[in-house]
Amino acid sequence: MGQDNLRSPRGPRCIALVGPFQSGKTTLLEAILARTGAIPKAGTIEACNTIGDSSPQARHHRMSVGLTAATTTFMGDSYTFIDCPGSVEFAHDMRAALPAVDAAVIVCEADERKLPQLQLIMRELEDLGIPRFLFLNKIDKANKRIRETLATLQPASRTPLVLRQIPIWKGDLIAGFVDLALERAFVYREHMPSEVIELEAGDLDREKEARLTMLEKLADHDDRLLEQLLEDIPPPRDEVFDDLASELREGQICPVLLGCATRENGVLRLLKALRHEAPDVAATAERLGVSNETTALAYVMKTTHLQHGGKLSLTRILRGHIADGDTVQSSGGGAGRISGIAAPNVGSDTKRASAAAGDTVSLGKLDAVKTADTLTTGKTAPEALVDVVPTAPVLATALAATDRKDDVKLGQALTRLVEEDPSLSVVHNQLTHQMVLWGQGEMHLRVAVERLQDRFGVSVKQHAPPVGYQETIRKTITQRGRHKKQSGGHGQFGDVVLAIKPLPRGSGFVFIEKIVGGAVPKNYIGAVEEGAGDGLARGPLGFPVIDVEVTLTDGSYHSVDSSDQAFRTAARIGVTEALPQCAPVLLEPIHVVEIVCPTDATAKINSILSGRRGQILGFDTREGWTGWDLVRAMMPEAEIGDLIVEVRSATAGAGGFTRQFDHMSEVTGRAADQIIAAHRAAA
């Protein structure tokens, strides 16, 4: 695979930093910025002075709760690093940004407990075809040999993990590393570049063995290299580097580098690997199917509403040239005029007049543009390059403004929050008139509520969202409903006879009219149906009544005093008075729940389901996921409320579930009494 087959990367590059929760991504970003001279000294999470995690919520919780972009230069090349949250609850930011990056650095540590989280992230990158390096962080705390660590991590990746470096040990401590491609040894120096040293005999033997293993994996995709190895011919160093770059870009290998971000060890070697081997925007555009035209094309990685300053769209330019003041069309159907272009530099954005292919910039005031939209300077809206679908939400909280005068402000703030983070959603419960915020977990909702206060100045009250209890009847009855009111002038008169009977589950509300001889004029029949519906809105147990047939059999009217409203009221009275006599029964919603979890957590999941009145339907291996199971169960909605908290606890943060309403089931006896009493107390 000679040098002629590899084009050197050109232009600014965009690199995602991803990895499991608390693996050191933000610390690595600090180390990169310090090592490249973008900041004088790396900040720390503990001191709350990092470039990433700069929001009040991130600093308060000591974790990334949103995406951070920072641009720096290394050896004359421009790089924008996208620091992505590691928690699965904030994963949508990562998913939305990833399609337009040139490569990803997966930051992880030798911790078997984080393997399921690592696998989730690896799968995202593999499915998108994004070239990826693995940076084995916290190597100073390693307590096992590197080959054992690699064997532990390999199940998380569907492509071979290929060691680019091996550690140099001094007793039980790692003092440096050997670069297997360069065939050169280095010792670490804290917050300084590593120093080249001569390899001693034992380390030299280990280097030769490890280098041969690396070359053999590269030879799986290079026949020429395979021949050289079989004939004991040392391959030229340039060809080895070409193979590493080519096979990385083709997704055939995932190179593994070592380091310690807190000490800035291994950072320079990582940057050099990115410089020589990571692809550029041309390869990224090709991966996304961007055609070769002259009009600019760009992808929106993230949208943010600033407290003062309007909306910003973090955007990767994939083709052409965009200038301040240009009008862009969006794949979402909107259009807008760019008002300000800024490069996301360290601590503050740097204004600029334009941006070209490869640049990652924030575009101002594009109100009609959303995250994951494709933009063009052409005259017609472009096709979307990717479709980023949010994961179904798993936890909810009901919200109300602390001060009623902030109701409108709350609605506007939630709209902006959901626009920034589409993995949040807001549902207006028409029956209870409550606003319910859905999210990806406990911390996700907590941060959303904090942002409402900090950024939008809206204080809210929270409480558990209502369970969708309903009621039905078991007994048929005929009831007269009569409404008569005289208060000077025209009165009100309506009189109906209604037959009310139960229907099979799932039938809903059925209205039948069997009037003979005009006892109720035709023009009032619709009002009677509406009134019957009104009477079913809240039954004697306090919940909506379903699966009921109401038949209008008789009635009477007054030529002057009868009206639509009078007959609607009469029908409501008739139904309301009849229902307590119809043997009402409480119904609760039952859902089919499907939980995905690592196999070693399946027994815990089964126990959790049983403890929540779940009826386990069965489990199977999760298709296409080695070491994962899928468990199916029927579960009452009331028990699903905070299920995700237990699921995440049992699966080291990696498990998840989906739910689908299945049917309504009767609740009787003490359980029903408790539900009804609690509902009345809360009313």
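In my numbering, the protein residues as written are 438 to 1120.
Quick reminder that beta carbons are idealized off the backbone N, C-alpha and C, glycines included.
Item	Value
Quick check on this structure: which residue in 535, 485 and 469 has the alpha carbon closest to the alpha carbon of residue 629?	469
I'd like the span of the alpha helix (DSSP H) that includes residue 553, first residue to last.	552-565
Quick one: what does DSSP say residue 736 is sitting in, helix, strand or coil?	strand
Less than 8 angstroms between C-beta atoms, sequence neighbours within five positions excluded: which residues of the same chain meet that for residue 655?	599, 662, 677, 680, 681, 684 and 690
On the CB-based measure, 16 or more other CB atoms within 10 Å of its CB, does residue 512 come out buried or exposed?	exposed
Going by the DSSP bridge assignment, what does residue 937 pair with across the sheet?	914 and 987
Could you name each continuous alpha helix (DSSP H) segment of 4 residues or more that falls completely within the stretch 849-911, going from the start of the chain to the end?	879-891
For residue 453, does the three-state DSSP call read helix, strand or coil?	strand
Drop a sphere of 10 angstroms on the beta-carbon of residue 984, count the other beta-carbons inside from all chains shown, and report buried for 16 or more, exposed for fewer.	buried
Examine the Cβ distances between the stretch 571-581 and the stretch 663-677 and report whether three or more of them are shorter than 8 angstroms.	no
Within the same chain, show all residues whose beta-carbon is closer than 6 angstroms to that of residue 823, passing over the 5 residues directly before and after it, in chain order.	536
Quick one: is residue 439 buried, meaning 16 or more other Cβ sit within 10 Å of its Cβ, or exposed?	Reliability fails at residue 439, whose pLDDT of 39 lies under 50, so the model's placement of it is uncertain and the value that follows must be treated cautiously. By the 10 Å Cβ count, residue 439 comes out exposed.
Measure from the alpha carbon of residue 1110 to the alpha carbon of each residue in 1022, 1064, 1038 and 1034, then state which is nearest.	1022
What are the uninterrupted segments assigned as beta strand (DSSP E) that are 3 or more residues long and contained completely in the stretch 648-701, given in chain order?	691-695
Going by Cα to Cα distance, which pick from 710, 820, 695 and 774 is closest to residue 736?	820
Quick one: complete alpha helix (DSSP H) runs, 4+ long, within the stretch 1004-1075?	1039-1048
With a 10 Å radius around its C-beta and 16 neighbouring C-beta atoms as the bar for buried, classify residue 770 as buried or exposed.	exposed
Classify residue 1111 as helix, strand or coil using the three-state DSSP reduction.	helix
In chain order, which alpha helix (DSSP H) runs of at least 4 residues are fully inside the stretch 707-795?	718-724
Give the DSSP-derived three-state secondary structure of residue 498 in the structure shown.	helix
Given a cut-off of 8 angstroms, decide if residue 788 and residue 748 are closer than it, judged by their beta-carbon atoms.	no
How should residue 554 be labelled, buried or exposed, when 16 other C-beta atoms within 10 angstroms of its C-beta is the threshold for buried?	buried
According to DSSP, which residues form a beta bridge with residue 1100?	1027
Let me know the secondary structure DSSP gives residue 577 once reduced to three states.	helix
Pair every Cβ in the stretch 536-553 with every Cβ in the stretch 445-455, then say whether three or more of these pairs are closer than 8 angstroms.	yes
Less than 8 angstroms between C-beta atoms, sequence neighbours within five positions excluded: which residues of the same chain meet that for residue 624?	605, 612, 613, 631, 632 and 634
Rounded to the nearest angstrom, what separates residue 835 and residue 884 at their Cα positions?	15 angstroms
Tell me the rounded alpha-carbon separation between residue 975 and residue 957.	26 angstroms
Does the pairing of the stretch 1092-1112 with the stretch 1023-1035 give three or more beta-carbon distances under 8 angstroms?	yes
Which class does residue 441 belong to by DSSP, given the choice of helix, strand or coil?	Its pLDDT being 39, under 50, residue 441 is placed unreliably in this model, and the value from its coordinates should be taken loosely. Of the three classes helix, strand and coil, the one that applies to residue 441 here is helix, per DSSP.
Apart from the five residues just before and just after residue 1152, which ones in its own chain have a Cβ nearer than 7 angstroms to its Cβ?	Here the chain has residues from 438 to 1120 only, and residue 1152 is not among them.
Three or more beta-carbon pairs under 8 angstroms between the stretch 942-950 and the stretch 1065-1076, yes or no?	no
Quick one: Cα of residue 825 to Cα of residue 726, how far?	16 angstroms
What whole-angstrom Cβ distance do residue 754 and residue 733 have, given they're in contact under 8 angstroms?	7 angstroms
Quick test of the definition: if touching needs 3 or more C-beta pairs under 8 angstroms, does the stretch 796-815 touch the stretch 1050-1063?	no
Can you tell me the Cβ-Cβ gap for residue 1121 and residue 939, rounded? I've got them flagged as a contact below 8 angstroms.	What the structure shows of the chain is the stretch from 438 to 1120, and residue 1121 is not part of that stretch, so it cannot be assessed.
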